[in-house]
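Everything on this sheet refers to the single structure shown next.
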């Protein structure tokens, strides 16, 4: 069995940002030499998400508006700790913090419109995503 | 390590439909010969979901009503591209597009009421799910 | 390839409860001897969730309030079967029922604030979570 582990670092300019990481993940899969396996892309923070969806700017705006509606900024109990990112924790739960992408014949086995996104919900500081490839 | 990759095709009659795929996935696991491992069931489209829940028609209606409430049909920015399925993208994010099912002693290791469902949010055309088995 | 499968049993005193399981999962990973791999932590019931988030009591209250708002107790069609836990099914869909945690150099490869939680949405009876380690 082969494996490869890499950490992607992000420091977004905006507090909330989507970053497409498909190409980076694809490169790491090539580098691993794995032909058949899985690659896990998983946020290492609890105020960020990773999801698969469409590479379409209109949709991104829709997603942000939707997230602001379902997990709004407000005065959360969590803020008693001095934090102000309660909404970011809920957004992370909502979109989930990880995806597992199948690898077939040495490449990401994604549908034609599937792109992997890192979703930053509380940025402007250094944060990490683990990419772990496992297979043969 | 053994692996098996199969693609399930769906073309639902309704725009929105739930399709139980547990038996198909179980058959593929048997076919793979994997005794201990994981099987990934993952939609290859960004307007569909895969989840594990109960095989109970009343609950399915509850789920549809709930999804219509949390990710309603409306005029999304995404529709400027000519699409009309913005809600389907959000529903996919909400229920997630994949599950990973453990395989123990050659069979799906699910709880007694756990069933795997393909959730079509924008159907009436051919769409795919990847089933990938990995293990020993 | 090595694997280890264990079932964690829960019988919470409250109907709804969060139980931190990080240490138990970490112990099982050690026991498996896996150095590079994945551990799946997955509820075997359709009225429970498993997620990764912060070990902070204020936030937990926020999460419960948020879940009560997005997937409220009410009269669901599912209740025609005699059940009264429709909300628990929806809460399970919302936070997802599983996480996959990477294992690197023999240990859980989590970020500094990431903790694994079992989320009971319909407790006061015996329920299970599968922990399955796979790797080398």
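Chains as they are written, first to last, in this note's numbering: chain S, 1 to 136; chain R, 1 to 136; chain C, 1 to 136.
Positions of the beta carbon are idealized from the N, C-alpha and C atoms, including for glycine.
As the structure is a computational prediction, the values presented were derived from the model and not from experiment.
Give the straight-line distance between the Cα atoms of residue i and residue j, rounded to the nearest whole angstrom.
i                      : j                      : result
residue 43 of chain S  : residue 74 of chain C  : 34 Å
residue 57 of chain R  : residue 78 of chain C  : 8 Å
residue 3 of chain S   : residue 1 of chain C   : 12 Å
residue 133 of chain S : residue 116 of chain C : 21 Å
residue 136 of chain C : residue 90 of chain C  : 36 Å
residue 129 of chain S : residue 24 of chain S  : 12 Å
residue 81 of chain S  : residue 97 of chain S  : 23 Å
residue 61 of chain C  : residue 76 of chain S  : 9 Å
residue 20 of chain R  : residue 93 of chain R  : 20 Å
residue 6 of chain R   : residue 63 of chain R  : 28 Å
residue 84 of chain R  : residue 26 of chain C  : 46 Å
residue 66 of chain S  : residue 66 of chain R  : 15 Å
To which residues of the same chain is residue i closer than 7 Å at the C-beta, ignoring the five residues directly before and after it?
i                      : result
residue 102 of chain R : 38 and 109
residue 95 of chain C  : 49, 51 and 119
residue 15 of chain C  : 122, 123 and 124
residue 126 of chain C : 9 and 11
Mind listing the chain B neighbours of residue i? Cutoff is C-beta to C-beta under 8 Å, in chain order.
i                     : result
residue 38 of chain S : In the structure shown, chain B cannot be found, because the protein chains are S, R and C.
Only counting the same chain, and skipping five residues up and downstream in sequence, which positions put a Cβ closer than 6 Å to that of residue i?
i                      : result
residue 54 of chain S  : 113
residue 40 of chain S  : 100 and 132
residue 107 of chain C : none
For a test of the three-state rule: what should DSSP assign to residue i, helix, strand or coil?
i                      : result
residue 58 of chain R  : helix
residue 11 of chain S  : coil
residue 73 of chain S  : coil
residue 25 of chain C  : helix
residue 20 of chain C  : strand
residue 130 of chain C : strand
residue 138 of chain S : The structure shown does not extend to residue 138 of chain S, since chain S is modelled only from 1 to 136, so the question has no answer here.
residue 94 of chain R  : helix
residue 49 of chain C  : strand
residue 82 of chain S  : coil
residue 31 of chain S  : helix
Is the beta carbon of residue i sitting closer than 8 Å to the one on residue j?
i                      : j                      : result
residue 86 of chain R  : residue 18 of chain S  : no
residue 88 of chain C  : residue 22 of chain C  : no
residue 99 of chain C  : residue 28 of chain C  : no
residue 35 of chain S  : residue 105 of chain S : yes
residue 111 of chain R : residue 45 of chain C  : yes
Below 8 Å, can you find three or more Cβ-Cβ pairs linking the region 70-87 of chain S to the region 5-19 of chain R?
no
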